[in-house]
Amino acid sequence: MFTINAHTKIATILRQNPAALDAIVSISPKFEKLRNPLLRKLMAGRTSIAMASKIGGCKSEDFFSKLAPLGFVRDYSPETEQTIPLTTEKPSFLEKLNGDQLVEFDVRSLIAEGKDPLDLILKKLKECQPGQVLKIVNSFEPTPLVLLLQKQGYQSWVEQVDEELVNTFFYKTTGEKSTLTSIGGNHAIGFEEIMQQYEGRLKTIDVRTLEMPLPMMTILDELDELEKDRALFVYHKRIPVFLLPELKERKMDFRIKEMGINEFHILIFRS
1 MFTINAHTKI
11 ATILRQNPAA
21 LDAIVSISPK
31 FEKLRNPLLR
41 KLMAGRTSIA
51 MASKIGGCKS
61 EDFFSKLAPL
71 GFVRDYSPET
81 EQTIPLTTEK
91 PSFLEKLNGD
101 QLVEFDVRSL
111 IAEGKDPLDL
121 ILKKLKECQP
131 GQVLKIVNSF
141 EPTPLVLLLQ
151 KQGYQSWVEQ
161 VDEELVNTFF
171 YKTTGEKSTL
181 TSIGGNHAIG
191 FEEIMQQYEG
201 RLKTIDVRTL
211 EMPLPMMTIL
221 DELDELEKDR
231 ALFVYHKRIP
241 VFLLPELKER
251 KMDFRIKEMG
261 INEFHILIFR
271 S
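Under my numbering, think of the first position of the sequence shown as 1, with each following residue one higher.
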């Protein structure tokens, strides 16, 4: 038996029982994309049952009932449901954008090649001037990305053109400042002391040679298996900006120490 709730990642379910793929695909035709190993690699590690339910136009209960015969048991503990932002009406100002205000980025070819567009999306957002809107063109609704950017202060609107074309608009209202490059505070403080606290209880991984999106996926997978009294030490070549909100969501803390060009030591532990 394996306990799941609305926060459980699809990758965690598939790792516990690969046969769950057929069960999940049977819930909605939109989940057929998970049969593609590249798309599964990109999405499953970031997508929870709640997120997938929104993408598939179904309910979390559909997952629980389909997965129950495979030994998955629903966790009925309070606060296991995840709120997914939903905006159905197109914001009026999007109708009035001129050509200079709309920055379009089509990520379909990148995903088809098995590449993760997150870094490039982040770069595009940083380059956006006040009043500009980033339009992401994709073949599916990027719910995990919407949630990640929401935590960074971005609002969004999703336009489902057809089954294979989805436009997602990201923007900030007037006066809001981008926080994408800020991780808040000096996260090197206490690094050595905390390392000593977890001496003999550290799990070490090196993601420096991995191609995107494997670094973030590998870290999240390790955290799923990490024992409560242990910490995770990561060799990384950059500050994983999109990982940090996920750590906060999981009630985990971290320290980051810059060792040199393209080398960071990251210590992740429970708050």
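For every residue, glycine included, the Cβ atom is placed at its ideal position computed from N, Cα and C. Note that the structure is predicted; figures quoted are calculated from it, not measured.
Identify the residues that DSSP records as bridge partners of residue i: which are they?
{"i": "N167", "result": "V137 and E159"}
{"i": "S48", "result": "K9"}
{"i": "K203", "result": "L232"}
{"i": "H265", "result": "Y235 and K257"}
{"i": "V25", "result": "In the DSSP output, where bridge partners are listed per residue, V25 has none listed."}
{"i": "M252", "result": "R270"}
{"i": "R15", "result": "BP columns for R15 are empty, so no partner."}
{"i": "E104", "result": "K135"}
{"i": "V241", "result": "Per DSSP, none; premise fails for V241."}
{"i": "T3", "result": "V73"}
Is the CB-CB distance between residue i and residue j below 8 Å?
{"i": "S156", "j": "L165", "result": "no"}
{"i": "L67", "j": "I10", "result": "no"}
{"i": "S139", "j": "R108", "result": "yes"}
{"i": "Q152", "j": "Q132", "result": "no"}
{"i": "S28", "j": "G56", "result": "yes"}
{"i": "F105", "j": "K126", "result": "no"}
{"i": "A23", "j": "A50", "result": "no"}
{"i": "H187", "j": "Y235", "result": "no"}
{"i": "F169", "j": "L94", "result": "yes"}
{"i": "V25", "j": "R15", "result": "no"}
{"i": "N167", "j": "V137", "result": "yes"}
Since residue i contacts residue j with CB under 8 Å, what's their CB separation in whole angstroms?
{"i": "R201", "j": "A231", "result": "7 Å"}
{"i": "K33", "j": "L39", "result": "5 Å"}
{"i": "R250", "j": "L267", "result": "With 8 Å as the limit, R250 and L267 do not qualify as a contact, their Cβ atoms being about 15 Å apart."}
{"i": "V158", "j": "E141", "result": "5 Å"}
{"i": "F269", "j": "Y198", "result": "7 Å"}
Could you check if residue i is buried or exposed, using at least 16 other CB atoms within 10 Å of its CB as the buried criterion?
{"i": "K54", "result": "buried"}
{"i": "L247", "result": "buried"}
{"i": "K135", "result": "buried"}
{"i": "S48", "result": "buried"}
{"i": "T204", "result": "exposed"}
{"i": "R8", "result": "Just to set this straight, residue 8 is Thr in the shown sequence, not Arg. Classification for T8: buried."}
{"i": "I261", "result": "exposed"}
{"i": "A19", "result": "exposed"}
{"i": "T181", "result": "Any reading at T181 is ruled out, since the residue's pLDDT is 45, under 50, leaving its predicted position unreliable."}
{"i": "I219", "result": "buried"}
{"i": "V146", "result": "buried"}
{"i": "A52", "result": "buried"}
{"i": "T3", "result": "exposed"}
{"i": "K172", "result": "buried"}
{"i": "D229", "result": "exposed"}
{"i": "E81", "result": "Because E81 sits at a pLDDT of 47, beneath the cut-off of 50, its placement in the model cannot be relied upon, and the following sentence gives the value as read from the coordinates. It counts as exposed."}
{"i": "S77", "result": "exposed"}
{"i": "D116", "result": "buried"}
{"i": "P37", "result": "exposed"}
{"i": "P69", "result": "exposed"}
{"i": "S60", "result": "buried"}
Worksheet item: Pairing CB atoms from the region 211-223 with CB atoms from the region 234-241, are three or more of them under 8 Å?
Response: Contact between the region 211-223 and the region 234-241 is established, with three or more Cβ pairs separated by less than 8 Å.
Practice prompt. Please determine if the region 184-198 and the region 252-262 are in contact, where contact requires at least 3 C-beta pairs separated by less than 8 Å.
Written response: Three or more Cβ pairs closer than 8 Å define a contact, and the region 184-198 meets that threshold against the region 252-262.
Worksheet item: Are the region 62-79 and the region 39-46 touching by the rule of at least three beta carbon pairs closer than 8 Å?
Response: No: the two stretches stay apart, fewer than three of their Cβ pairs being nearer than 8 Å.
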